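Here's the structure, in structure tokens; my notes come after.
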Amino acid sequence: MIRNIIRSFQKKALKDKSFLYLFDEAPKGEYICLDCETTGLKPNKDEILSIGAVMIKDNKVIFRKNFNIFLKPSSSVNAESIKIHQIRPIDLQNASNPKDAILKLLEFIGPRPIIGYYIKFDITMISKYTKKYIGIKLPNESIEVSSMYYRTKKRSSEYEFVDLKFDTIMKELDIPELGKHDALNDAIMTAMIFLKLKDKTPAKTTFYTN
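So the number in the working numbering is just where the residue sits in the sequence shown, counting from 1, plus 958.
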């Protein structure tokens, strides 16, 4: 009920009605697994440097249906952040204008649910751009793979610690490791996590409003 009210307000706030397709019913069995590399972890001041995404359809990762793009930052990338995301200035020489990149991403995602590892951060970062360009935050539902993994772990009490680090989940599920700190590779690995967990626990969708 609340979600429908919020979506109704979002539709009215949409600057460009050509993006109404974001509110369509998602194609059955289709998801988008997504990851962002950013200049830092503060959405109010940091920027997206790259976005990688891949489609899941009928319980398969559709590798040919992928999205991989670099975004041109507003200022030079500092040395400290390069240590984290490993994106060098030379990698950004032919980067896309942020508006072009985000609008292409929206076209790729469509109305499909978005899957990710700590996906709330990625959605918050992307929404900073969509709010500016089309007037609304990203309206898609999302699925958090770390929460799916958590629900598969048997615990002796509700206070028992569960290691939710990405590497730990990958190892536990016996998923091959691709190159780290690459948005597309991270999206593909997360997609494989989702498919491994999908039959063990129902995927709970979330709609972020903040």
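Ideal placement from N, C-alpha and C gives every residue a C-beta, glycine not left out. The structure displayed is predicted, hence computed values, not measured ones.
Residues in its own chain within less than 8 Å of residue i by CB, not counting five upstream and five downstream?
| i | result |
| --- | --- |
| P1047 | S1034 and V1035 |
| P1056 | E1005, I1006, L1029, K1030 and Y1087 |
| M1128 | E1135, M1147 and I1151 |
For residue i, which residues in the same chain have their Cβ closer than 7 Å to its Cβ, ignoring the five residues on either side in sequence?
| i | result |
| --- | --- |
| G987 | K1015 and D1016 |
| Y1117 | none |
| D974 | I1092 |
| C991 | A1011, V1012, I1014, I1073, G1074, A1145, T1148, A1149 and F1152 |
| L1136 | N1143, I1146 and M1147 |
| N1024 | A1011, V1012 and L1142 |
| E983 | P1069 |
| L1131 | I1151 and K1154 |
| A1161 | I1101 and M1106 |
Decide if residue i is buried, meaning its Cβ has at least 16 other Cβ atoms within 10 Å, or exposed.
| i | result |
| --- | --- |
| N1168 | Residue confidence for N1168 is low, a pLDDT of 46 falling below 50, so the modelled location carries little weight and cannot support an answer. |
| S1008 | buried |
| K1154 | buried |
| I1094 | buried |
| A971 | exposed |
| N1098 | buried |
| F1021 | exposed |
| S976 | exposed |
| I963 | exposed |
| L1096 | buried |
| S1104 | buried |
| D1080 | buried |
| I1045 | buried |
| L978 | exposed |
| L999 | exposed |
| I960 | exposed |
| D1157 | exposed |
Can you find the residues in the same chain that come closer than 6 Å, C-beta to C-beta, to residue i, ignoring five residues on each side of it along the sequence?
| i | result |
| --- | --- |
| E1005 | T997 and P1031 |
| E1102 | I1077 |
| N1026 | G1010 and L1142 |
| A1059 | I1027 and L1029 |
| Y989 | I1014, R1070, P1071 and I1073 |
Can you check DSSP and say which residues form a bridge with residue i?
| i | result |
| --- | --- |
| I1072 | I990 and S1100 |
| S1054 | L1029 |
*asked:* Across the region 1028-1047 and the region 1109-1117, are there enough close Cβ pairs to call them in contact, namely three or more that are closer than 8 Å?
replied: no
*Mind listing, in chain order, the continuous beta strand (DSSP E) runs of no fewer than 3 residues lying wholly within the region 963-1033?*
988-996, 1006-1015 and 1018-1028
*Any contact of the region 1051-1067 with the region 1084-1093, i.e. 3+ C-beta pairs under 8 Å?*
yes
*Could you tell me whether the region 1038-1058 touches the region 1067-1078, where touching means 3 or more Cβ pairs closer than 8 Å?*
no
*At least 3 beta-carbon pairs within less than 8 Å: the region 990-1001 vs the region 1120-1138*: no
*Stretch pair the region 1073-1081 + the region 1144-1160: three plus CB contacts closer than 8 Å*: yes
*Complete alpha helix (DSSP H) runs within the region 1086-1158 (minimum length 4 residues, chain order)*: 1103-1110, 1124-1130 and 1141-1156
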